[in-house]
Structures are given as structure tokens and as C-alpha cells.
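Following: one structure in C-alpha cells, then a few remarks.
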Amino acid sequence: MFEYDYLIVGSGLFGATFAYRAKQAGKRCLVIDKRAHLGGNVYCETVEGIHVHTYGAHIFHTSNKEVWDFANRLVPFNRYTNCPVANYKGALYNLPFNMNTFYQMWGVRTPEEAQEEINRQRAAISSALNGSQPQNLEEQALLLVGKDIYEKLIRGYTEKQWGRPCTELPAFIIRRLPLRFVYDNNYFNDPYQGIPIGGYNLLIEKLLDNIETRTNCDFFAHREELERVAEKIVYTGPVDQFFDYRFGSLQYRTVRFETELMDTPNHQGNAVINYTDRETPYTRIIEHKHFESFGQAVYENPKTVISREFSMEWQPGMEPYYPVNDDRNAALYQQYKSLAEKEKKVLFGGRLAEYKYYDMAPTIEQALRLANEQLGK
Ligand code: FAD
Ligand code: UDP
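Last residue of the sequence shown? That's 383 in this note's numbering, and every number before it is there in order.
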């Protein structure tokens, strides 16, 4: 007889959502995390009353009404809409690429004028490709938006973020960015978007309400004992570590944050400002209070907290953030995946165990799917 039905390794959104549903189904769960806190990468520290996104800015957005309703039943979300601004050598442009950007870039005022200018700007790449598919991010970006936007708003930012030339990056990365011929600065196309009122920690607290948790508990430090406490394990840590790196280490990009408390109520007037030139060493500055304070409310707190983000190559011991999209890592992951599929007692899920960049909403969706498979609807 086991003490628990499920041992859940990792208290991020995947583990916490699975635990929530398992608890609802009457299962006994133990959730462990090697960090000193729960919540995985959505965890926020509170500094001078401001929720600081410790592991990078998190904006919840989804087209999936079921996931949106699920999250909102736990904690209602505010009306935050992500409208980042790009700073290129001191000139400011709205993102994503829309009529405001085209006006700022070229002075064009109508969708027709904007489309004409983009067509002019992409004529060269269009004739070079001559109907064939773009082979890399540079070709794709030139084909989508033309030379000026590529050079001022894409190239520098992308090369800093991924640490390689745009000619060596896959085309699909840039297809994620909307291109719009309307004056609309909303970065996402999804109909649902916001930040939990009271912060992400509250969402995690609600998910893990009345569930036994242990922080500062590394699965690998107590593996034998932990494997015996539960009938099944939901593992959300790195898949290569689970198998003792037997085929080698999967690679990631990581981010270093330089966070600063400032004696001003409003430093940059927006939550996100991207620095799209190559020379500025950071990719963007986040001003955390703007995720949760709007209008005059921004001035109620005389202080603010900002984080500069420096994108860098991951080394063992650093936080693994973004899986590297290349053939070596894809092949390596397939080897680990086939081992994972043979495990009877262990279920693998979440961004580290699946070596896949998941946004928060798809993470919840996947965890609910696994829970439904395991527990029945
Ligand atoms: P995680 O949150 O990483 O949780 C895994 C947990 O497992 C961690 O707490 C870890 O400590 C624990 N763990 C690992 N190994 C062990 C072990 N051996 N023993 C015990 N515990 C262990 N998504 C959005 O929707 N919008 C955004 O704006 C957004 N911004 C992002 C910005 C950055 C910089 C990053 C990296 C991600 C962003 N995401 C965003 C994605 C979001 O963070 C993920 O969707 C979500 O965190 C995935 O949850 P998870 O549970 O799979 O992983
Ligand atoms: N991007 C860019 N300039 C910007 C913002 C984004 O060139 O100001 C590119 C960059 O290559 C990035 C991609 O668009 O990787 C996708 O942007 P997104 O905001 O989805 O980035 P991520 O979620 O990867 O941080």
C-alpha cells in the first residue's frame, strides 16, 4: 500500500494543475519542488508591494475558453493587454507590426500606403526566392515585412535573443509575430488575456490548496525513498536528468535578470520595452508594476521595480528556459522520449520533461488532458 496515489515532481503550472484535478478526484498527492518556493517559473517575489516576475515576465493569453474559464474560476484575471514598445537607437515604435509602426517608420497613414511600402521593401527578396520557401529567419522576415523593419526591429533583437545570426535560425520563430494593417498594438491575437488579480502566486495557492507540498526537496537527492511513496509519479523536471544524461545534455537558452528598485513611480511608462539594436546588451526592460496597475493607480506607489533581461547560452547550474530548436537537440530529445514512453510508473509532462516551449495556457491544457486520461473526466 502506497502512502500517496501521486508523487508530483515540480510545483509549476503543470504539476500544480495535475495535483488540483487529482485532489478533486479524491487522490492523495504529494507535490515536491527543489526550489525554496512553489509555482515554478510563474512565481513572483513581492518588493515594495510590487509583484516582481522572478523568472521573466509572464502574460497569460489563450484562445481556449475552457482553459481561460478554468483559471478564472480559481482567480479572476485583470484586463492587462500586452503592448510592447520597441526602442531602436532612441526612436520608439509600437509592436507588433501594425499601422502605428508603419506610420512611425515611414509616415504612411492608410493600409494601402503601408502595403505598398512593404511590397516595395520586400521586392528584392521576393524575386531572389522566386516562389521558393524562405530557408531561414532573415529570408522569412524580409519576405514578411521588408528591409527597414527587419533591420531596425528584428535583426538585433533576434540575434541577441538567440545568440546566432538570423541566417542560421529557423523561419518559423518570426511567423509567431502578428502583422496587422489596423491601428492595434495588442501583441497577441488571442481573445483572452490578463494577469491574475493578486498575482500568479495566488493562482498557484488556489491550485495547491489543501495539498501536501514540500519545498527544498530535490527528487534526485531522495530518489529511492520518493519512488516508493506513491503508486505513480508525475515528473515535470528535465527529462535528460531523469535518465542520468545517458545520451548527453539537452541545451537551452537562458536569461540573466538585473533587477533594480527605483525611487520613482513610473520609470518607462510601459510594462515592456524591447531594445532592438545590436549594441544595447540587454533585449528588453520590464517594469513590473504596469502588469497590475493602470492609469492613476501607477502613482499610488512612489517606487517601481525594473528588470533588464540579458539572453545567454545556458550552462549546467543555470535556469533552463528556452529549448534550442536545432537538429542535434531534437534528435537527442527523441532518444529520451522513447525511454520515457517505456516507463510504467512515471508520467512525463510540462516544458522541461517534454523539452518543449509551452506557454502557460497550453501547459494547463496539457496537464488537464493528462489528468483526464488518468482519472477520467
Ligand atoms: P516550470 O514552471 O518550470 O516548473 C517545473 C518545476 O519543477 C520547477 O518549479 C522546478 O523547480 C521543479 N523541478 C525541476 N526538477 C526538479 C527536481 N529534481 N526535484 C524537484 N523539483 C524539480 N508563458 C506564457 O503563457 N506567457 C508568458 O509571457 C511567458 N513568459 C515566459 C518567459 C520566460 C523567460 C520563460 C522561460 C517562460 C515563459 N512562459 C510564458 C512559459 C511558462 O513559464 C511555462 O508555460 C510554465 O512555467 C510551464 O510550467 P511547467 O510546470 O511545465 O514548468
Ligand atoms: N522579435 C523581434 N523583435 C521584437 C520582438 C520579437 O525580432 O521586438 C522576434 C524574435 O526573433 C522573437 C520572435 O520575434 O524570438 C518571437 O517573439 P516573441 O515575443 O514570441 O518572443 P519569445 O516569446 O520567444 O520571447
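For glycine and all other residues, C-beta sits at the position ideal for the given N, C-alpha and C. Please read all numbers here as calculations on a predicted model, not as lab measurements.
Asked, Found
"Inter-stretch contact (C-beta, 8 Å, three-pair minimum) for the segment 240-253 and the segment 279-297", "no"
"Of the listed residues SER69, LEU135, VAL48, nearest to HIS59 (C-alpha basis)", "VAL48"
"Alpha-carbon spacing of MET111 relative to GLU306, whole angstroms", "35 Å"
"Endpoints, beta strand (DSSP E) assigned at ARG290", "290-293"
"Presumed contact (8 Å Cβ cut-off) between ALA63 and ILE279, rounded CB distance", "Rounded, the Cβ-Cβ distance is 11 Å, inconsistent with contact."
"Identified DSSP bridge partners for GLY46", "Paired residue(s): none; GLY46 is not in a bridge."
"Near the ligand FAD: LYS343 beta-carbon under 7 Å from a heavy atom", "no"
"Chain-ordered list of residues that sit, by beta carbon, closer than 6 Å to a heavy atom of the ligand UDP", "ALA92, LEU101, LEU159, ILE160, TYR163, THR164, GLN167, ILE179, ILE180, ARG182, LEU183, ASN280, THR282"
"HIS57 burial status per 10 Å Cβ neighbour count (16 or more: buried)", "buried"
"Residue range of the beta strand (DSSP E) that includes LEU353", "352-354"
"Cβ-Cβ distance between THR289 and SER255 below 8 Å", "no"
"Endpoints, the beta strand (DSSP E) within which MET268 is located", "258-268"
"Sequence-distant residues of the same chain with beta carbon closer than 6 Å to TYR189, five excluded per side", "MET105, ASN106"
"Cβ pair LYS166, ARG284 closer than 8 Å", "yes"
"LEU19 CB to nearest heavy atom of the ligand FAD below 7 Å", "yes"
"Same chain only: Cβ atoms within 8 Å of GLY169, ignoring 5 sequence neighbours per side", "ARG259, SER317, MET318, GLU319"
"Cβ shell of ASN276 (< 8 Å), same chain only, five flanking positions each side left out", "CYS89, PRO90, VAL91, GLU293, HIS296"
"Where GLY21 sits in the DSSP three-state scheme", "helix"
"Cβ-heavy atom distance, GLY46 to the ligand GTP, below 7 Å", "Inclusion of the ligand GTP in the displayed structure is not the case, the ligand content consisting of the ligand FAD and the ligand UDP alone."
"LYS13 - containing beta strand (DSSP E), residue span", "According to the sequence displayed, residue 13 carries Leu and not Lys. Start and end: 10-15."
"Host beta strand (DSSP E) of ALA373 (start-end)", "Looking at the DSSP string, ALA373 is not in any beta strand (DSSP E); the run it does join, the alpha helix (DSSP H), is 366-381."
"VAL339 - partner residues in DSSP beta bridges", "Per the sequence shown, residue 339 should be read as Tyr rather than Val. DSSP lists no partner for TYR339."
"Residue environment, HIS228, which counts as buried when at least 16 other CB atoms sit within 10 Å", "exposed"
"Extent of the continuous alpha helix (DSSP H) run through TYR109", "105-112"
"Simplified DSSP assignment, three categories, for GLY162", "helix"
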